[in-house]
Each structure stands twice: as C-alpha cells, then as structure tokens.
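Student: This is the structure I want to talk about, given as structure tokens.
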Amino acid sequence: MTVYLPIAELSVNIFIILGMGAAVGFLSGMFGVGGGFLITPLLIFYNIPPIVAVATGANQVVASSISGALSHFRRGTLDVKLGSVLLVGGLAGATAGIWVFSILRSIGQLDLVISLLYVVLLGTVGTLMLLESIRALRRAANNQPVSLRRPGQHSWVHRLPLKMRFKKSKIYLSVIPVIGLGFGIGILTSIMGVGGGFIMVPAMIYLLRIPTNVVVGTSLFQIIFVTAYTTIVQATTNYSVDIVLAFILMVAGVIGAQYGVRVGQKLRGEQLRALLALLVLAVGARLAVDLVATPADIYSVVSEGVYR
Numbered sequence: 001m002t003v004y005l006p007i008a009e010l011s012v013n014i015f016i017i018l019g020m021g022a023a024v025g026f027l028s029g030m031f032g033v034g035g036g037f038l039i040t041p042l043l044i045f046y047n048i049p050p051i052v053a054v055a056t057g058a059n060q061v062v063a064s065s066i067s068g069a070l071s072h073f074r075r076g077t078l079d080v081k082l083g084s085v086l087l088v089g090g091l092a093g094a095t096a097g098i099w100v101f102s103i104l105r106s107i108g109q110l111d112l113v114i115s116l117l118y119v120v121l122l123g124t125v126g127t128l129m130l131l132e133s134i135r136a137l138r139r140a141a142n143n144q145p146v147s148l149r150r151p152g153q154h155s156w157v158h159r160l161p162l163k164m165r166f167k168k169s170k171i172y173l174s175v176i177p178v179i180g181l182g183f184g185i186g187i188l189t190s191i192m193g194v195g196g197g198f199i200m201v202p203a204m205i206y207l208l209r210i211p212t213n214v215v216v217g218t219s220l221f222q223i224i225f226v227t228a229y230t231t232i233v234q235a236t237t238n239y240s241v242d243i244v245l246a247f248i249l250m251v252a253g254v255i256g257a258q259y260g261v262r263v264g265q266k267l268r269g270e271q272l273r274a275l276l277a278l279l280v281l282a283v284g285a286r287l288a289v290d291l292v293a294t295p296a297d298i299y300s301v302v303s304e305g306v307y308r
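Under the UniProt record's numbering, the first residue of the sequence shown carries the number 1, and numbering increases by one thereafter.
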C-alpha cells in the first residue's frame, strides 16, 4: 500500500514508514532519547530528500519531548528557569542554522553537508558513549565502585562571569556556557533535524555539573520549543515539512515508544548506553559508506526543479 507525499513529491510504502516510526519510537522509549538523529538518516536511506527528512523528522521529536517534559514537570524534576536560559540560546542558534540551511540549499551543497555532519557527529558521540559504557560494564563486572564527583568540585566553566542562581537545580552558574550550549544545539536542530538531547544531556552533566535528576526534563523543555520553532520556520521559509509523512511517523512513534519503555526498564543503564552507542555507530558507518560508494546513477538531469 503506497501513499503520496506532497512535499517530498514521491510515493512511499506506508508500512515501511510506519515501521520506521515505530522502530525509532521504540528506541526512543528504551534509551530515553528524542530519536531525531535516527529518523532523519533512515528517511534519507529510503530516498526521502534530505531537506524534507531534516524538517519533517523534527516533528517526531516534538511529540515525544512534550510527553516526557510534562512527566518531569509533574515530578518536579524540570528547572524552568534553566530551561528558559537554554531556550534563549536555542532560538538564536536555530535562527542562524536556518539561515545557513537556506544558503547551503541555494548553492546545492545541502545534501553533502548534512551527510558529513551526521557521519562526524554520530561517529564521535557513538565512540565516546561506547568507551564510557565499556568502562562501566567492566567496573560492574569487577564490583568496583563508581567514582563520584566530590561536592564543591568545579571546572573553568564555573569561574565565568554573569552568574545566575538556579534554585531548582541548586547551582550558581554563569549564563554564558548555558546560552552557548543552547545556541549550538539550536544550530544542530535546524540543520540536521535532531533534538540534540543526546549531546545536551552529557554536556549538562559533565561540563556544567547540573544535577542528573533535573537534566533530562530541562533538556526536553528546551527541545520542545526550539524544535517546534525550527519546524514552523522551515515550513514557511523552505517549504520542506511534509505533513503526511510527519503524521504517519508521529502515530507510529507514539505506539513504539510505549513498548520501548517496558523493554528499557529490564536492562541496566550501562547496557542501554552500550547498545545505543553501537546503534549510533552503525548509522554513522552506513552514511559514511554512502558518501564514498559509487552511486547507481552517476549523473542526474534537473528539469523544472525536479530530479529525473
């Protein structure tokens, strides 16, 4: 059974799209990530134009992030003040990213840049996560205690000016690195279609030293608004959001996430991180192969804006 995607301008098998959405939703529920860094490459693998894959894939991140942020807000593990500062940087970064996105599209280098960014980002993050999870698994196998940071231990980040007190997170921190982190994530959101939680969460924990219990909820709070803003601007500026594709992915993703949460509760944290790292590396390797492999059609002809 096929369905026509009006913005992508091609017909797709609806069951394959449903399967993609459900699979990414399942992984999102199991690993606690938005899934944008997975759904965008999968859509590209299925020959969805990268410009549509980036803009449309972000919708699924919005849906999952709203659900997660509301849950954290009810539990009191969301720092709205900290999230608002991150949001300031995120909106500025998203605006800059959309501007870069439009320039790359106009010069015909958008597809290449998106693929290169994914290869570098997924390769780096996947490798770091795998190394950390292997160390954690070894410590667990040898019954070694995990070394914790001593209270009061700070890094250079905490010596920066323009400090602000965040009562919910119980920290006194400069807004400069917080806005900078949000700005960087905003750029990634607009150019790559990712929520950025898989980068923001480790950065908030290890760089900014924000308590783990409020990190996930605060990250999701920022992701909701930045991703929604990016989606709206992409739709009005680049006309690249396919509502049919977005709806199918969101429905399947919500269903898949419910089962992913159940499976994730049965695995240890270090096991989850190791599996996620392997998955991230696999997607990055697949994109890298596509960049160097000889394409089936070496030449393409463009007629009236449509590839043939």
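For each residue, glycine too, the CB sits at the ideal point set by N, CA and C. For clarity, every value in this text was computed on a predicted model and none was experimentally measured.
Where does I205 fall in DSSP's three states?
Tutor: Here the question's residue 205 lines up with position 205 in the sequence shown. DSSP places I205 in helix when its eight states are reduced to three.
Student: Can you confirm whether the stretch 65–82 touches the stretch 240–249 when touching is taken to mean that 3 or more C-beta pairs between the two stretches lie within less than 8 angstroms?
Tutor: Touching, no, given that fewer than three Cβ pairs across the two stretches are closer than 8 angstroms.
Student: Mind checking who N13 pairs with in its DSSP beta bridge?
Tutor: Residue numbering aside, residue 13 sits at position 13 when the sequence shown is read from its first letter. Paired residue(s): T2.
Student: Using only the alpha-carbon positions, how far apart do P211 and S169 sit?
Tutor: Stepping through the sequence shown from its first residue, residue 211 is reached at position 211. Stepping through the sequence shown from its first residue, residue 169 is reached at position 169. Using only the alpha carbons, I get a separation of about 6 angstroms.
Student: So, for residue 309: in the same chain, excluding its five sequence neighbours on each side, which residues have a beta-carbon less than 8 angstroms away from its beta-carbon?
Tutor: Look at the range of the chain in this structure, 1 to 308, and you will see that residue 309 is not part of it.
Student: Using three-state DSSP, classify I171 as helix, strand or coil.
Tutor: Start at 1 with the first residue of the sequence shown, and residue 171 comes out as number 171. Looking at I171 - three-state DSSP - the assignment turns out to be strand.
Student: I think S190 touches T230, with their Cβ atoms under 8 angstroms apart; what is that distance to the nearest whole Å?
Tutor: Taking the first residue of the sequence shown as position 1, residue 190 is located at position 190. Taking the first residue of the sequence shown as position 1, residue 230 is located at position 230. With a Cβ gap of about 5 angstroms, S190 and T230 count as contacting.
Student: Can you give me the start and stop residues for the alpha helix (DSSP H) that V113 sits inside?
Tutor: Translated into the one-based positions of the sequence shown, residue 113 becomes position 113. Per DSSP, V113 belongs to the alpha helix (DSSP H) from L110 to A141.
Student: Determine the direct distance from the alpha carbon of F73 to that of N213, and round the result to whole angstroms.
Tutor: For the purposes of this step, residue 213 is taken as the residue at position 213 of the sequence shown. For the purposes of this step, residue 73 is taken as the residue at position 73 of the sequence shown. C-alpha separation (whole angstroms): 12 angstroms.
Student: Just to confirm, is the Cβ distance from L181 to G97 under 9 angstroms?
Tutor: Walking along the sequence shown from the start, residue 181 turns up at place 181. Walking along the sequence shown from the start, residue 97 turns up at place 97. Taking 9 angstroms as the Cβ cut-off, L181 and G97 do not qualify as a contacting pair.
Student: Considering just the uninterrupted stretch of the alpha helix (DSSP H) at L43, what are its terminal residues?
Tutor: Taking the sequence shown and counting its residues from 1, one reaches residue 43 at position 43. Unbroken alpha helix (DSSP H) run through L43: G36 to F45.
Student: Tell me the DSSP secondary structure of V292 in three-state form.
Tutor: The sequence position of residue 292 within the sequence shown is 292, counting from 1. In this structure, V292 counts as helix in the three-state DSSP scheme.
Student: Taking residue 317 and N238 to be in contact with their CB atoms under 8 angstroms, please state how far apart those CB atoms are, rounded to whole angstroms.
Tutor: What the structure shows of the chain is the stretch from 1 to 308, and residue 317 is not part of that stretch, so it cannot be assessed.
Student: Let me check understanding here. Comparing Cα to Cα, which of S219, M192, S65 and T56 lies closest to M204?
Tutor: Residue mapping note: residue 204 aligns to position 204 of the sequence shown, counting from 1. Ranking the options by Cα distance to M204, first place goes to S219.
Student: Keeping to the same chain, check which residues put their C-beta closer than 7 angstroms to that of G196; ignore five residues upstream and five downstream.
Tutor: In the sequence shown, the residue the question calls residue 196 occupies position 196. For G196, where only same-chain residues beyond five positions count, the Cβ hits under 7 angstroms are I185, L188, T189 and I223.
Student: Going by C-alpha to C-alpha distance, which of I179, V85, G90 and V283 sits closest to I39?
Tutor: Taking the sequence shown and counting its residues from 1, the one referred to as residue 39 is at position 39. Residue V283 is the option with its Cα nearest to I39.
Student: Cβ atoms of L121 and A274: under 9 angstroms apart, would you say?
Tutor: In the sequence shown, the residue the question calls residue 274 occupies position 274. In the sequence shown, the residue the question calls residue 121 occupies position 121. No, Cβ-Cβ distance for A274 and L121 is not below 9 angstroms.
Student: List the whole-angstrom C-beta distance separating P41 from L287, where the pair is believed to meet the contact cut-off of C-beta under 8 angstroms.
Tutor: The sequence position of residue 41 within the sequence shown is 41, counting from 1. The sequence position of residue 287 within the sequence shown is 287, counting from 1. Confirmed, Cβ separation roughly 6 angstroms.
Student: Here's the rule: buried if 16 or more other CB atoms are within 10 angstroms of the residue's CB, otherwise exposed. What is S106?
Tutor: Position 106 of the sequence shown holds residue 106. Its Cβ having fewer than 16 others within 10 Å, S106 is exposed.
Student: From L10 to Y4, what distance separates their C-alpha atoms?
Tutor: Your numbering for residue 10 matches position 10 in the sequence shown. Your numbering for residue 4 matches position 4 in the sequence shown. If I take the Cα positions, the gap works out to 6 angstroms.
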